[in-house]
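K.L.:
If you scroll down you'll find the structure; I have some questions about it.
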């Protein structure tokens, strides 16, 4: 019963600036989420793929943290170039982008 | 490269009261998310299962909307009894709870 072929969750959790764990938002995840969302639309993938904001994904040390389901691949996404590579390869072709994957 | 055996996303999107689509938050999803989170902890599933808040999952008409990955099963979760059944059967045993599933 899947609804989306691929579902991207981008952590947009925000903590106080003095929190030692930091947070994905402080590392630019809100902008990265916007980029994923816009690209999904631009590539005509709306309805097949969704780029969702998520609360803390518990991967703070690897943030900005992104997980792609149904494969359950976790990524560290630093910038738009990283996001674009995930869209080009994983989202559109089903390939895991090893260089950005958190778990090997 | 999955991190969690099961990853539950609960829509906690909030819209203005006059928005015709309504929103999952207005239907009690924040409390449902808290219940999932507490139950995951209470059942000793922390680290194996995660109950995450999510932005709009685009299932407003079925809200409160919940999706469980990696299976990608979408549920309408009305109350704690529904959440408990999903935890008992899907999260702990891998069975789809047909009566609560959005897509048949």
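Chains as they are written, first to last, in the numbering used here: chain A, 613 to 716; chain B, 613 to 716. Backbone N, C-alpha and C fix where the C-beta goes; we use that ideal spot for every residue, glycine too.
1. Please state the DSSP three-state secondary structure of residue 635/A.
2. Could you tell me whether any Cβ in chain B is nearer than 9 Å to the Cβ of residue 682/A?
3. Along chain A, in chain order, which residues have C-beta atoms closer than 7 Å to that of residue 614/B?
4. Can you check DSSP and say which residues form a bridge with residue 668/A?
5. How big is the Cα-Cα spacing for residue 714/A and residue 671/A?
6. Report yes if the CB atom of residue 712/B is closer than 9 Å to the CB atom of residue 648/B, and no otherwise.
7. Under 7 Å Cβ to Cβ from residue 701/A, same chain only, skipping five residues before and after it: list those, please.
8. Could you tell me whether any Cβ in chain A is nearer than 9 Å to the Cβ of residue 637/B?
9. Give the interface partners of residue 670/A over in chain B, defined as CB-CB distance under 7 Å, in chain order.
P.N.:
By the coordinates alone:
1. coil
2. yes
3. 684
4. None; residue 668/A has no bridge partner.
5. 9 Å
6. no
7. 707, 709
8. no
9. 662
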